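Here the structure is laid out as structure tokens; the discussion comes afterwards.
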Amino acid sequence: MSFFVLHFRLIVLSAKTQTFCGFEDPNICGFTQISGTVGDDFDWTRAQGKTPSANTGPLKDHTCESEKGHFMFIEASAKGKGNNAIIYSPLYRGMTQQCVEFYYHMNGRHIGTLNVYARTRGAELDSVWRAYGNQGNVWSFARLGIPKELARAGYQIAFEGITENGYQGDISIDDVSVTDAACPVDSGVTAVQVAVNSTELIKAGKSFARNLRKKKLRRVPKKP
């Protein structure tokens, strides 16, 4: 008689968590990608279990800690050095500062670069976080502190994987979450604070807040 055991990881979410994506949804939670354009050579791939190439990529996802769970990864085989894939989050928005958290896996002799960007709708990508090279056969954790000006304006997070020479260069991401609160200080993980340097960004945030206040005022009935 044979037995099998399914392992599940308990993901603890804050009561203020606005959104969570473990990529179990075939629609990948509204993330989008447009490959074949200038600056975006190929697509991220939704995967289960081990990635096709040996000695690179995770053995299982982070959410379920199982071969049945899903994650997103870039396949480095036959790509050549400097090829890239970018995947964009849905538009996130809030009235207070927010915390973006995600897990990443970078294991193999030919690991390239994982870049993370933030942008307002229609704006250029602004680099906010980066990891390069072999990080070991583990799911690592990162945090981004989003200022309230950016949250009010509405923003996207973009993940860019860039290949090196060689097939042992698969880069993976999983469990992307956004929480309506400042990033906590624990677990030895220091949040990278996203700077707001754009005048247009600040204007957009103020405009969004002003319009929201007007909508709320319209709901107040007039006194007789």
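The opening position of the sequence shown corresponds to residue 0 in numbering that gives the first Met the number 0, with each subsequent residue numbered one higher. Glycine is no exception: its CB is placed at the ideal position from the N, C-alpha and C atoms. All values derive from a computational prediction rather than experimental measurement.
Grouping DSSP H, G and I as helix and E and B as strand, with all else coil, what is R151?
helix
Presumed contact (8 Å Cβ cut-off) between G111 and I161, rounded CB distance
5 Å
Roughly how many whole angstroms lie between the Cα atoms of C28 and Q155?
13 Å
At a cut of 8 Å, does the region 66 to 80 reach the region 128 to 136 through at least three beta carbon pairs?
no
Own chain, CB closer than 7 Å to D125, minus 5 neighbours either side, in chain order
Y116, A117 and R118
Which residues does DSSP list as the beta-bridge partners of F140?
Y102
Bridge partners - L113, DSSP secondary structure assignment:
A130 and G160
Integer-rounded CB distance, given that H109 should sit under 8 Å from N164
6 Å
Inter-residue spacing [alpha-carbon to alpha-carbon] between G187 and F101
15 Å
Residue from V99, E23 and D169 whose Cα sits closest to the Cα of T189
V99
Whole-angstrom Cβ separation of F19 and A46, contact assumed at under 8 Å?
That pair is no contact at about 19 Å.
Would you say Q96 and K147 are within 9 Å of each other, going by their C-beta atoms?
yes
Alpha-carbon spacing of E230 relative to T31, whole angstroms:
This structure does not reach residue 230, given that the chain is present from 0 up to 223, and the question cannot be answered.
Using the C-alpha atoms, what's the distance from G48 back to D60?
7 Å
Whose C-beta lies closer than 6 Å to the C-beta of P25 among residues of the same chain, with five residues either side of it excluded?
none
For C28, which three-state DSSP category applies?
helix
Which same chain residues, not among the five before or five after R92, have their C-beta less than 7 Å away from its C-beta?
A150 and G153
Between which two residues does the beta strand (DSSP E) carrying N83 extend?
N83 to Y87
Please list the terminal residues of the continuous beta strand (DSSP E) segment that includes H69.
H69 to I73
Among the residues of its own chain, which have a CB less than 6 Å from the CB of F41, if the five just before and after it don't count?
S34 and A84
How is the beta strand (DSSP E) around I33 delimited, first residue to last?
Element bounds for I33: n/a, residue is neither H nor E.
How about G135 and N54: are their beta carbons less than 9 Å apart?
no
Rounded straight-line distance, which links the Cα of S76 to that of G56:
12 Å
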